[in-house]
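Written below as structure tokens is the structure these notes are about.
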Amino acid sequence: MPSTCDFDTPWMFKSLQSMGSLAFNFFNNSVSKSRLLAACSGDAAPRSKSKRLSPGEQGEAEQRAFASALASQKEATVLEFYSPKCKLCNSLLNFVLEMEGRNKEWLNIVMADAENEMWLPEVSYL
1 MPSTCDFDTP WMFKSLQSMG SLAFNFFNNS VSKSRLLAAC SGDAAPRSKS
51 KRLSPGEQGE AEQRAFASAL ASQKEATVLE FYSPKCKLCN SLLNFVLEME
101 GRNKEWLNIV MADAENEMWL PEVSYL
């Protein structure tokens, strides 16, 4: 007897998932975890030798990562809004990265700076 609890992604989201996957993979390959940690924690200077991203560049990178995650055709994508000034957000960063790593075969987590004006339309509806 088939399970009635099986979840299949609605057809209108399947194309978004595949586009998001491409962008997410591109983003993950181009931005190192240490650079992401530095950007999320609000450190004055990232640990890598590359320059710090402007708010516009950071927002574009986050939006590309979100599009890529949606395109990945994984079962779930979480868009997590954080504030670089928030101690709770910073304290949860390692946990979020660990959960993403443990569940990478079916889960994407994209972090977006809630204080970046590029995310204003999305944040204003929260």
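Take the sequence shown: its position 76, counted from the start at 1, is 76 in full-length UniProt numbering, and no numbers get skipped.
C-beta atoms are modelled at their ideal positions from N, C-alpha and C, and glycine is treated no differently.
Note that the structure is a prediction, hence the values are computed from the model and not measured.
Inter-residue CB distance, residue i and residue j (contact presumed, cutoff 8 angstroms)
i, j, result
"residue 116", "residue 69", "Going by Cβ atoms, the distance from residue 116 to residue 69 rounds to 17 angstroms, so no, they are not a contact pair."
"residue 113", "residue 58", "6 angstroms"
Residue i vs residue j beta-carbon contact at 8 angstroms
i, j, result
"residue 79", "residue 95", "no"
"residue 61", "residue 106", "no"
"residue 118", "residue 56", "yes"
Where residue i sits in the DSSP three-state scheme
i, result
"residue 116", "coil"
"residue 53", "coil"
"residue 108", "strand"
"residue 75", "coil"
"residue 31", "Model confidence at residue 31 stands at a pLDDT of 46, short of 50, so the residue's coordinates are unreliable and nothing is read from them."
"residue 44", "Note that residue 44 scores 45 on pLDDT, short of 50, meaning its location in the model is unreliable; the coordinates nonetheless yield the value given after this. In the structure shown, residue 44 sits in coil (DSSP, three-state: anything other than H, G, I, E or B)."
Residue i versus the options, residue with shortest Cα-Cα distance
i, options, result
"residue 84", "56, 118, 111", "111"
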